[in-house]
Amino acid sequence: MKKILIVDDEQPTLDMCGLLLRALGYEVLTAENGSKGIDLFREKRPDIVLTDIKMPGKDGFEVIEKIMAINPHARVIVMTGHGDRDLAGKAMELGATDFVHKPMSREALERALKRAETNPEGDKPEQDTV
Amino acid sequence: MIYHAQNLAEWGYEDIQNLVRENNILREEIRVARESAEITASLVVKQFEETERILRRFQMANALRTAVLDSAAQMAIIATDRHGKIIVFNKGAENLLGYDPEEVLEKETPVLFHLESELRKHGRKIGVARDRSQRGIDILFEYARRGFYEQEEWTYVRKDGSTFPVSMSVNALHGPEGSLEGILCIASDITEKKRAEKALRESERNYRILINNIPNIVFKWYPDGGIDFYDDKIEKLTGYSLDEFLSRKLKWTDLIVDEDRHEFKEKFLKALKSNGTYIRQYRIRKKNGDVAWVEAGSQIIYDENGRIDFVTGAFLDITDRKRAEQALHESEEKYRSLFDSGPNPVFVLDMKNLTILDANRSAEETYGYTREELLGKSFLDLGEFEDIEKGLQWSESQGSPEACFVTQRARHRKKDGTPVYIRMNACPIKYQGDGAIILAATDITESIEKDAQLFQASKMTTLGEMSAGIAHELNQPLNAIKVGGEYLRFVLEKGGEIPMEDFLAAVDRINKQVDRASNIINRLREFGRKSDFRKRRVSFNRVIRLVMGIVGEQFKLQNIVFRVDLEESLPPVTADANRLEQVMFNLLTNARDAIEQGRGEDRRDDEGFIEIRSFVEGDHVAVTVSDNGSGIPDETLGRIFEPFFTTKEVGKGMGLGLSIVYGIIQDYGGHIHIHTREGTGTTFKITLPRADQENREETP
Chain A
1 MKKILIVDDE
11 QPTLDMCGLL
21 LRALGYEVLT
31 AENGSKGIDL
41 FREKRPDIVL
51 TDIKMPGKDG
61 FEVIEKIMAI
71 NPHARVIVMT
81 GHGDRDLAGK
91 AMELGATDFV
101 HKPMSREALE
111 RALKRAETNP
121 EGDKPEQDTV
Chain B
1001 MIYHAQNLAE
1011 WGYEDIQNLV
1021 RENNILREEI
1031 RVARESAEIT
1041 ASLVVKQFEE
1051 TERILRRFQM
1061 ANALRTAVLD
1071 SAAQMAIIAT
1081 DRHGKIIVFN
1091 KGAENLLGYD
1101 PEEVLEKETP
1111 VLFHLESELR
1121 KHGRKIGVAR
1131 DRSQRGIDIL
1141 FEYARRGFYE
1151 QEEWTYVRKD
1161 GSTFPVSMSV
1171 NALHGPEGSL
1181 EGILCIASDI
1191 TEKKRAEKAL
1201 RESERNYRIL
1211 INNIPNIVFK
1221 WYPDGGIDFY
1231 DDKIEKLTGY
1241 SLDEFLSRKL
1251 KWTDLIVDED
1261 RHEFKEKFLK
1271 ALKSNGTYIR
1281 QYRIRKKNGD
1291 VAWVEAGSQI
1301 IYDENGRIDF
1311 VTGAFLDITD
1321 RKRAEQALHE
1331 SEEKYRSLFD
1341 SGPNPVFVLD
1351 MKNLTILDAN
1361 RSAEETYGYT
1371 REELLGKSFL
1381 DLGEFEDIEK
1391 GLQWSESQGS
1401 PEACFVTQRA
1411 RHRKKDGTPV
1421 YIRMNACPIK
1431 YQGDGAIILA
1441 ATDITESIEK
1451 DAQLFQASKM
1461 TTLGEMSAGI
1471 AHELNQPLNA
1481 IKVGGEYLRF
1491 VLEKGGEIPM
1501 EDFLAAVDRI
1511 NKQVDRASNI
1521 INRLREFGRK
1531 SDFRKRRVSF
1541 NRVIRLVMGI
1551 VGEQFKLQNI
1561 VFRVDLEESL
1571 PPVTADANRL
1581 EQVMFNLLTN
1591 ARDAIEQGRG
1601 EDRRDDEGFI
1611 EIRSFVEGDH
1621 VAVTVSDNGS
1631 GIPDETLGRI
1641 FEPFFTTKEV
1651 GKGMGLGLSI
1661 VYGIIQDYGG
1671 HIHIHTREGT
1681 GTTFKITLPR
1691 ADQENREETP
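Heads up: the sequence lines are chains A and B, in that order. Residue 61 in this note's numbering is what sits at position 61 of the first sequence, and the numbering runs on without skipping anything. Residue 1371 in this note's numbering is what sits at position 371 of the second sequence, and the numbering runs on without skipping anything.
#1: Phenylalanine 1609 (chain B) and valine 1573 (chain B): beta carbons closer than 8 Å?
#2: What does the alpha-carbon distance come out to for the pair glycine 34 (chain A) and threonine 1624 (chain B)?
#3: Identify each residue in the segment 1548-1559 of chain B for which the Cβ-Cβ distance to at least one residue of chain A is less than 7 Å, and report them in chain order.
#4: Taking the C-alpha atoms as reference points, what is the distance between isoleucine 1087 (chain B) and threonine 1191 (chain B)?
#5: Check the Cβ-Cβ distances between serine 105 (chain A) and every residue of chain B, and say whether any is below 8 Å.
#6: Take leucine 87 (chain A) and list the residues in its own chain whose beta-carbon comes closer than 7 Å to its own, dropping the five residues that flank it on each side.
#7: Of all the options B:Tyr1240, B:Glu1118, B:Phe1339, which has the alpha carbon lying nearest to the alpha carbon of threonine 1155 (chain B)?
#8: Taking the continuous beta strand (DSSP E) assigned at methionine 79 (chain A), which residues delimit it?
#9: Helix, strand or coil: how does DSSP classify asparagine 1728 (chain B) here?
#10: Consult DSSP for isoleucine 1544 (chain B) and reduce its assignment to one of helix, strand or coil.
#11: Mark serine 1179 (chain B) as exposed unless 16 or more other C-beta atoms lie within 10 angstroms of its C-beta, in which case mark it buried.
#12: Who are the near neighbours of threonine 1683 (chain B) in its chain, counting only those whose CB is closer than 6 Å to its CB and skipping five residues on each side?
#13: Quick one: is leucine 19 (chain A) near chain B, going by C-beta distance under 8 Å?
#14: Please state whether DSSP places asparagine 1171 (chain B) in a helix, a strand or coil.
#15: Check the C-beta distance from isoleucine 1356 (chain B) over to glycine 1383 (chain B) and give it rounded, since I have them as a contact under 8 Å.
#16: For the structure I just gave you, are there three or more beta carbon pairs, one from the segment 1340-1350 of chain B and one from the segment 1437-1446 of chain B, closer than 8 Å?
#17: Name the residue from B:Met1460, B:Thr1636, B:Tyr1222 whose alpha carbon lies nearest to the alpha carbon of phenylalanine 1310 (chain B).
#18: So with Cβ pairs under 8 Å, would you call alanine 1480 (chain B) a contact of chain A?
#19: Give me, in chain order, the residues of the same chain whose beta-carbon lies closer than 8 Å to that of tyrosine 1143 (chain B); leave out the 5 immediate sequence neighbours on both sides.
#20: Let's see if you can read the secondary structure: which residues bound the beta strand (DSSP E) around glutamate 1617 (chain B)?
#21: Any beta carbon of chain A sitting closer than 8 Å to that of leucine 1439 (chain B)?
#22: Would you verify that the beta carbon of glycine 1629 (chain B) is, or is not, closer than 8 Å to some beta carbon of chain A?
#23: Is any beta-carbon of chain B found at less than 8 Å from that of aspartate 47 (chain A)?
#24: Looking at the secondary structure, which residues open and close the alpha helix (DSSP H) in which lysine 1322 (chain B) lies?
#25: Classify valine 1128 (chain B) as helix, strand or coil using the three-state DSSP reduction.
#26: Can you pull the chain A neighbours of phenylalanine 1455 (chain B), defined as C-beta to C-beta under 7 Å?
#27: Using only CA atoms, which one of B:His1472, B:Leu1250, B:Asn1024, B:Asn1023 lies nearest to proline 1558 (chain B)?
#28: Quick check: the Cα distance between isoleucine 1077 (chain B) and asparagine 1090 (chain B), rounded to an integer number of angstroms?
#29: My guess is that glutamate 27 (chain A) and methionine 1 (chain A) are in contact by the Cβ rule of under 8 Å, so how many angstroms apart are they, rounded?
#30: So with Cβ pairs under 8 Å, would you call aspartate 15 (chain A) a contact of chain B?
#31: Would you mind sorting isoleucine 1437 (chain B) into buried or exposed? The rule is 16 or more other CB atoms within 10 Å of its CB.
#32: How about valine 1551 (chain B) and leucine 1588 (chain B): are their beta carbons less than 8 Å apart?
#33: Could you give the C-beta distance for glycine 1631 (chain B) and glycine 1681 (chain B), rounded to a whole number, given that I count them as a contact under 8 Å?
#34: Straight-line CA distance for proline 1401 (chain B) to aspartate 1434 (chain B)?
#35: Mind pulling the chain A residues with CB within less than 7 Å of glutamate 1486 (chain B)?
#36: Looking at the C-beta of glycine 83 (chain A), does it have a partner C-beta in chain B at a distance below 8 Å?
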């Protein structure tokens, strides 16, 4: 069972994503802020990280940076708002694997998860093109 | 002859003859003797009777004299012998001089009653008394001797030393041979006469002064048209000399202008039928052709036959007054026309109860009432009248320009109920003798509407600026709902069983998130609602919480936390909540910007905080917003409330935020204080009058 870490300052989002991802067959870890997420990543080494970007304290970008520092091959999917394409782009530059827009459909989420999983070596689509 | 008869025989014829002859002679002698005796006797009787009569006449004359002398009780009659000693001192002399006759008769001379100096003065006048050796009595005698019998004014000295004026004549008493046997001084007291004369003189003088000094020209006007004046003021009025009137060259009626003659005559005829007094105003033409206005108060005086004797009265030149009246009239006309045709509503209100006493046409148009409907109505029926208490307290400081005041805006209602916004300028005046308020209103509905539009536009801009944050905020519940929905569907699609616990958790969360989203929307709607600018009692704490609710989530994402310390029993303030929200919003976003600015690029994660406090400060409610941002440098501190002044980078704000804050707080009678320290942070402190203290003045 794949381990997935969800980092979001929104407890409802954590809860809901937790329910869905568990139903999808993942082992779910949650962190309600960036620092905690980084700690959990270091500790539990999840296969995939699903993180929000806009968070008080350490935001999504820092989380990506730190995780990349710990494991450059880590799979990080960022959750962004619809208007936040810029943020998504920046996250990809920092090493994120993929992004999904909030509100997230199961389809989009599954697609992103699948992409992250099918590229276990850490080669990211974007990086290929760079 | 003695006859003897002893020798009768010896008598012859001759002897007989002789005897007969002798007898006849004797008889004749006897007869003569008898007759002469008879005559003598009758003469003696006659003489006696004559003497008797003379004596009686003398006695009568003497009594008469005494009576005459004494009856002249106020006239001193003093006579002297030829040595000057007083021999007559009548009752009048006693009365006037205060001496008893015994004291002066045969003892004193009339000099006793005179002033030495006056005697000498009179003496000098008639050429005597050249030196001091001249006796006073000699001067009086000289008067008599020379026959200066005319009455002259002298001073008499009473026994008690007091003096009084007399009119005295000095008469000579001559002896049978024409020698001067004495003098007779007749003097009457003229004190009263002199006093009367003096009074008359003074009265005449006063009257003359009065006539000369009163502006009125006293006249006496005769039926023949001639007119008399008593001074030459008429010359100043008419340009004609006094003589031209007195010599009858001019009639008064000649001067009256044609248009006024008819009324002039009418008034006179009317006065004839009534009590004879009348006042006329008419114009006269002066010698130089100018026209002067005259007011004449007159009284017709009739003679004993009931004919008009003359008319007396006084003219007054009222040209200036007439001109002033004319000017006043014109000025009134002018103001009346300004009042009537002015584009703005103007009311005259009773000072005491604000009843409308007068209103102009614009007032009718603006409010939709007719003038008749407005008159007598209370001004308060039209709408609120701010500072009404202030208005009613005016009576103390009436008349000074400071007593005027301007109200910012008041909401009134037209007759049909449509609201109309009014700015009022009210000043105390005197209106028909009473205290009144003249109130000029300006219909600022349009400008209020523009203001409202502008304010609304500025709020919409704010909302626009916030839109990214709001979208993000709304996205959170939506995301949770969406993911929850997807979960439920996925499980159900797969035909799997959802543990009841999870199912309920998902559904509950979905519900909660819907509430959360609608809360956000409500807050936005409240913030975005159109302000009606009405003042109400507002809880500042509620305003703070609402604005914090709107920006809180976003600020949190920017690592800015609120530290809030609100006084729970904060009294309300009088304001429009919507505008206070704008104040809070501007202060909070400014604080955020200051924090961001203070952090710079590399210290994004530094914790920023905004501390919001509310508390009571005397009569005021105070709210402070403090940040730990960049602070305001001294050189910009003085300009931060200027409109369009901004230190933010281009595109980030128009520089209107603080000027709006300033305007709103000013409008509500509040104050703003800034405490700032560059690099440490800034505190804005707002104070507004507490609304629960409005009646405080009544109970000091």
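Where is the CB? At the ideal position from N, CA and C, for every residue including glycine. Here the structure is a predicted model, which is why all the values come from computation and not from measurement.
Judging by the given coordinates:
#1: no
#2: 32 Å
#3: Lys1556, Leu1557, Asn1559
#4: 26 Å
#5: yes
#6: Ile53, Thr80
#7: B:Glu1118
#8: 75-80
#9: Residue numbering for chain B in the displayed model covers 1001 to 1700; residue 1728 (chain B) lies beyond these limits and cannot be assessed.
#10: helix
#11: exposed
#12: Thr1624, Ser1626, His1675
#13: yes
#14: strand
#15: Contact flag wrong, Cβ pair sits at about 13 Å.
#16: yes
#17: B:Tyr1222
#18: yes
#19: His1122, Ile1126, Val1170, Ile1183
#20: 1608-1617
#21: no
#22: no
#23: no
#24: 1319-1341
#25: coil
#26: Simply none; closest approach about 28 Å.
#27: According to the sequence displayed, residue 1558 (chain B) carries glutamine and not proline. Here the closest residue by C-alpha is B:His1472.
#28: 6 Å
#29: 5 Å
#30: yes
#31: buried
#32: yes
#33: 6 Å
#34: Its pLDDT being 48, under 50, proline 1401 (chain B) is placed unreliably in this model, and the coordinates cannot settle the point.
#35: Leu20, Ser105, Arg106
#36: yes
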